[in-house]
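Heads up: the structure comes next, in structure tokens.
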Amino acid sequence: MTAHFPILQVIIPLLAAPLCLFIRIPRIVGIFAILVSATAFFISCSLLQEVVTGGTLSYQLGGWAAPWGIEYRIDKLNGYLLLLVSGISTIVLVAAQTSISKELPENRHTFFYTAYLLCLTGLLGILATADAFNLFVFLEISALSSYTLIAIGTDRRALTASYQYLVMGTIGATFIIIGVGLMYMMTGTLNMYDLAERLPAVYESKTVLSAFGFFIVGVCLKLALFPLHLWLPNAYAYAPSITTAFLAATSTKVAVYVLIRYIFSIFGIEFVDMSLPLGDIFLFLGLTGIFVASVAAIYQLNIKRLFAYSSVAQIGYIILGLAIETELGLTATLLHLFNHALMKAAIFLAIGAVVYRIGSAQLSHYAGLGKKMPWTMAAIVAGGLSLIGVPLTVGFVSKWYLVVALLDKGWWPVAVLVLISSLIAVIYVWRVVEWIYLTPPRIITDEIKEAPMSQLIPIWILVLANIYFGVDTRLTVGVSKLAAQSLFGVN
Amino acid sequence: MVTAIAIARMSDLFAVVMLSGIYSLLSASLFLDLDAVDVAFTEASVGAGISTLLFLATLKLVPRYEKKSRYKPTLALGVVIATGALLIYGTLDMPHFGEADAPVHQHVAPRYLNDSMNEVGIPNVVTSVLASYRGYDTLGETLVVFTAGIGVLSLLMVSRRTKEKALQKVPADMQNQIILRVVAKMMLPLILIFALYVQFHGDYGPGGGFQAGVIFAAGIILYTMLFGLSLTQKVIKTEVVERLTAFGVLLYAGVGIACMLLGGNFLDYNVLRHDPVHGQHLGILLVELGVGITVAAVMVTLFFKFTWRTVKHKYNQ
Amino acid sequence: MNIIGLYNYWIVVVLMLIGFFIVIAHENLIKKLVGLSIFQTSVFFLYISMGKVAGATAPILDENYQLYSNPLPHVLILTAIVVGIATTAMGLALVVRIYEAYGSIEESDIQVQDNNDRLEDYLEAYGRKNDTHLFNQDKDE
Amino acid sequence: MWLAPETLLILTILVPLFAVPGIIAANRFPNRREGVTITASIILIYLVTTLYGLVQDGTSIAIKGPALFPGLHLSFEIEPLGMLFSLVAGFLWLVTTVYAIGYMRGHHEKNQTRFYSCFAIAISSVMGISYAGNLLTLFIFYEVLTLSTYPLVTHSGTPKAKEGGRVYLGVLLSTSVLFLLLAIVATWYTAGTVEFQKGGVFPPETAPIITGTLLVLYIFGIGKAAIMPFHRWLPAAMVAPTPVSALLHAVAVVKAGVFSVLKVCVYIFGLDLLRTLPSADFMLYLAAATVLLASIVAMRQDNLKARLAYSTVSQLGYITIGALLATNAGIVGGAMHIAMHAFGKITLFFCAGAIMVAAHKTEISDMRGLGKSMPITMIAFFIGSLSIIGLPPTGGTWGKWFIMTGAFDAGKWTIMIVLMLSSLLNIAYLLPIPLRAFFSKQAYGKPVQIKEAPLPSLLALSFTALGCIFLFFYTQPLYELASAILQ
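Taken in sequence, the protein lines are chains A, B, C and D.
According to our numbering, the residues represented by the first sequence are 1 to 491, in order.
According to our numbering, the residues represented by the second sequence are 1 to 317, in order.
According to our numbering, the residues represented by the third sequence are 1 to 141, in order.
According to our numbering, the residues represented by the fourth sequence are 1 to 487, in order.
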């Protein structure tokens, strides 16, 4: 059975999603979804272990050998991300059980879980596949289901947000298939590793360059790199909290994975170097993104929007690591992928718990909640500290690596800018802290209670993970390093 | 192309939608010209058929005319020109149109053309690639359809109470068109049979689960348009259709799982029977059926949902 | 270089640009979706064009023909068409709901309404209820 | 001894931390809650003294914790400077707790549980700072200290407290993240290690421009040392309740700052390297300027706590000067001044708090004639002032003496002049307060009545005042400890 793990990982949620429609009883569907996601998580654990000890796994779908059939290939990079996505998804689902009961009408619960599982399938499929077109198909599965997940709530602004996301996401996806098409045109293959072998022969071709251009733009739309981030803040702010937690922690991360995969595994870093000043572009966009989005975050009144802008800024850091184009930089990027997912999931789940209790994500309604919901608020603060990059949290670890990588490259002014930007994070996090702890409550709110255990436990698992991986970095740093090495080793 | 420009300029949305339907039909004929029969078939049924239908259903609910924009779309123009420049630049090194020695024809594809007869055993190479070599893509595609179904279902939900009240109230718009109704009654079985033909004949000619599903759905939609929702609902229960959407996907993935249980890889149909080619046949048959069921069910659901929305609005007024 | 050999692609490019332009320049939500589908369709042309072999026939094996067009792009595009219609359906459903919620399908109208919502939030946080706020805070101490 | 020295070390950090759940659990019962704090502090004193004994015996104690990054561990090591710092902080925690009981109850403060919990966390991180074996560990606890004291600064929750909290956090976090973290990462990158080593870590071939820049980054980065222009947080933090100002902003936090400066100078740069750096001179004069300017500003403050705060800024400058002089006497003086100033300044703050609780006065101009109603407090204030100024018979004499010797050794005449001038200014802004309290008439002609602060507070401030005198006569162990740094 273990031989089938690479595909089972994706197929289990895939099968489970339609099954939800047969079960139909929301409570049971919810528990079923948790089980499914947990199974995927355990599979990914064993996969990662196998990949780290044994090397890359390949699985031929339909029994057809690689360039003809579709191949799944698990290496250190996607093994690591599979673990992240399925893990976060499981934890978020646990919290979802109670959270969505307040945010969604009862009759949409089944659809919510179905769409959620579809989205999970899509994300895992993107990660596992070694076929450029198959990647597009799963990208669309995850995209369509996230449009649903966003629009399924009751806030009307979620509808426009979802529509905006749909248009921009589809443009992104279309750009990606244009890129894939042009590459296919020049090489005749769709398998990523076959492409990697055949592309060097046509490196000089303008078509390949233009394919690469389309690809980068398309993926950057998906991963909300500044200035292509316009869809993100609204989508995150007005979607149901669980959706926000899940998407913020996983979907942009997966898009970054796609970018890394294409740059390093398919086109190869030499091609990138000789064709486009991509490093400089990423450096510029990453930095501008960090600053513009961080400053925008300061002025937000909706706490979800605030942290959504912060997500855009964090993507800037991730891209910055890529811009460095060294092994250390890539390690920093991969680390931050993981770490940022942990922080954002914790923060958005905690916000979800507040929305569950007070039904609002307006910052002003958070006044004085520090007393009423101490554990939830402590979680938001812990996540915020992690965002700032305070020591003993994962944020510190990522920032440390990023700065070391920047110094290693000799870009010390950029390192200074990165540190300055974390001060802006201090400002927006501290605005939240002041509302929570230092502003007296507006309304007499005796009935507001601490969040239910079913939400507090997942939240605190994530918070503790934030701290644990901030101290014991063997897993995260170890795997990121291995993955970065293998990506640079290939080329 | 002229059509496309016209679309860009028009502000009557109804006309725009109609034109885009025409555009799709034109595209389909172009595809045909380019030897892509399956694609042409699909584009005709989807682009010109279902998609136009959905647009029209939406137009029934929203205003028909576009407001004139106050902004000069300079930025948009810039972005578009930049994209265009990149594309044109990209085309410069492309292999020329129709050339037989382009890389696409040298690698991967030849195997499909040369060996698929032995390996899969059906003449329509498109089908064998679709359902077998790249069967997993098609599973993904079915899942996309299913996802869209779920999305629309959750977005356009109508409560049972509204439905019941509306059912009594709303007759079909074309209650009085007797000729049409009679013709349609006669057509319906033909359409459905044609759908089944397309479904199972995909191995040999153009067609397959997807096209069949669309045609099947079209039949039902036609029926609904003429005889009203209430009658259709008596024949086809919404709940059943919704479950069928899921069933198609399950069937497809189930075939894959069965292959795994029989010792092959996921979707490796060879193991389904003793003889690999027979196994392939069976596998393709089943998965195409899965695709067909999901597609038909989703299309019908989509149509129902959009129509219900209309009904709901009428009822509310 | 023989430019003529590329004409088909150039038509594709022009179509693509028209579609793309409609998507980003127009404010009507439905028209955007129409644009999107034109944009996607033009990509289908790109794929199908590259699969064409001059003088070949459709890839349905038959003893009478030797030369077939490349089937792989056809397969890919079949999938892409489906994805396209799925997206369109989803988009239309959203448009219907947006119209119900806002009473308009023009982007600018919707934006105005959203901005009003945000203004409300702002007033609630800082204005009107004057019990606590961040401005003029030093006076009371 | 039945516990391994390493365990003891860990326990010193953990004991205050373990007290936190106890404090929270006893939320409803103030007596029990404060009992927990006091018990913890007594245990802590026991632990640090035991450790002191061990260090005296020559045991070397070091722990390597989990690796945060490959090759970079959380590590702890006890060396004399850290020992000295932890002894001071450990002792004063107990004293302050006793004082706080009187103050907080007398002042009817809210959220006392939060207060005691954060206090305990702060002490824990101070212990972490003093025993840190490398820069990374130091940095971690440094930031924890900043964050755990933030709720203490904003304790009252008033807009003014919020404002103060913003400045506090803003300055401390931005300097530490911007300069200190950058400097640490750069050190890690250039030297390959951030472990504290005798004689410094930089390989001899490191370019002076790099080390010079790093020094500037370190000195500015350690915002807690309050070198101008990064001193603003200290006066801003004075909105906190007085026990906080007393322990944290006279002892723990600021001392953590100058302690870090000393550590960086001695164990990262090494005195030999430091002497050769031109930027060291620059920073030295900046510190001197801080000393003078802060003294002048202090003179103009009417609010007692604000005056004391600026006085602290100025005194911290002394220690930084001691460190940057890079002479033996300078380092010894700096180290000793950490302890001496701690006792002196905490006494003054205790007195300020006592006056606030008992007489509800915060402005110096209102305190005339107060000596008649609060004689003990005012006598203690007098002793504390003497110690800060550096006059016998108080401990403060020694610290200043050694720093002066250090300046003399280094041949820096300007520095000596600055130090002397500043001592004169000290006299001018501190001594008048107790003198006027005793010798001028009361502002309002009310009948004189003895009305001292609550007993626990009174005990505490008498204890520290006596400590100042005690340290004058019993300096030997302290001196030994300080000079052991250089061996």
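Note that CB positions come from ideal geometry on N, CA and C, so glycine has one too.
Predicted, not measured: the structure shown is a model, and the values here were computed from it.
DSSP assignment within the segment 244–323 of chain A yields the following whole alpha helix (DSSP H) runs of 4 residues or more, N-terminal first: 269–275 and 278–298.
Close to chain B, meaning a Cβ-Cβ distance shorter than 8 Å, are the following residues of the segment 144–155 of chain A: 144, 145, 147, 148, 151 and 152.
In the structure shown, the three-state DSSP call for residue 122 of chain B is coil. Counting only runs of 4 or more residues that sit fully inside the segment 62–126 of chain D, the alpha helix (DSSP H) segments are 80–106, in chain order.
At a cut-off of 8 Å between beta carbons, residue 185 of chain D contacts chain A.
Contact check for residue 270 of chain D and residue 200 of chain D: beta-carbon distance about 3 Å, within the 8 Å limit, so the pair qualifies.
With its beta carbon at least 8 Å from every one in chain C, residue 339 of chain A lies outside the interface.
Look at the segment 353–372 of chain A: the residues with a C-beta under 8 Å from a C-beta of chain C are 362, 363, 364 and 367. Chain B has a Cβ within less than 8 Å of the Cβ of residue 64 of chain A. Three or more beta-carbon pairs separated by less than 8 Å are not found between the segment 114–133 of chain D and the segment 173–183 of chain D, which leaves the two stretches without contact. Between residue 150 of chain A and residue 295 of chain A, the gap from beta carbon to beta carbon reaches 8 Å or more. Secondary structure of residue 46 of chain D (DSSP, three-state): helix. Each residue's CA atom was taken as its position, placing residue 255 of chain D and residue 371 of chain D some 31 Å apart.
Within its own chain, no residue has a Cβ closer than 6 Å to the Cβ of residue 106 of chain B once the five positions on either side in sequence are excluded.
Among the CB atoms of chain B, one or more fall inside 8 Å of the CB of residue 115 of chain A.
Taking one beta carbon from each stretch, the segment 138–145 of chain A and the segment 55–73 of chain C have fewer than 3 pairs nearer than 8 Å; the two do not touch. In the three-state reduction of the DSSP assignment, residue 64 of chain C falls in the coil class.
Annotation: residue 31 of chain C to residue 205 of chain A spans about 36 Å, alpha carbon to alpha carbon.
Annotated three-state conformation of residue 57 of chain A is strand, per DSSP. For residue 72 of chain A, the enclosing beta strand (DSSP E) begins and ends at 71–74.
When DSSP reads this structure, residue 106 of chain C sits in a beta bridge with C/28.
Contact of residue 70 of chain D with chain A is assigned, a C-beta pair being separated by under 8 Å.
By the Cβ neighbour-count rule, residue 29 of chain D is exposed, with fewer than 16 other Cβ atoms within 10 Å of its own. Rounded to whole angstroms, the separation of the alpha carbons of residue 306 of chain D and residue 360 of chain D is 16 Å.
Around the beta carbon of residue 40 of chain C, a 10 Å sphere encloses 16 or more other beta carbons of the protein chains shown; the residue is thus reported as buried. Residue 258 of chain D is positioned such that its CB atom lies no closer than 8 Å to that of residue 296 of chain D. For residue 58 of chain B, the C-beta contacts it makes with chain C under 7 Å involve 30, 92, 95 and 96, in order along the chain. Residue 113 of chain C is positioned such that its CB atom lies no closer than 8 Å to that of residue 122 of chain C. Of all alpha-carbon atoms in D/247, D/212 and D/314, the one lying nearest the alpha-carbon of residue 282 of chain D is that of D/212.
Residue 181 of chain B: member of the alpha helix (DSSP H) spanning 178–201, first to last residue. The segment 221–232 of chain B and the segment 20–38 of chain A do not touch, with fewer than three beta-carbon pairs separated by less than 8 Å. Residues of the segment 408–424 of chain A with a C-beta less than 9 Å from any C-beta of chain D: 408, 412, 415, 416, 419, 420, 422 and 423, listed in chain order. Annotated as proximal: residue 348 of chain D and residue 384 of chain D, with beta-carbon spacing under 8 Å.
Measuring C-alpha to C-alpha distances from residue 99 of chain A to each of A/486, A/454, A/466 and A/476 identifies A/454 as the nearest.
Looking at the backbone, the Cα of residue 252 of chain D and that of residue 50 of chain D are separated by about 21 Å.
Straight through space, the alpha carbons of residue 392 of chain A and residue 467 of chain A are spaced by roughly 6 Å.
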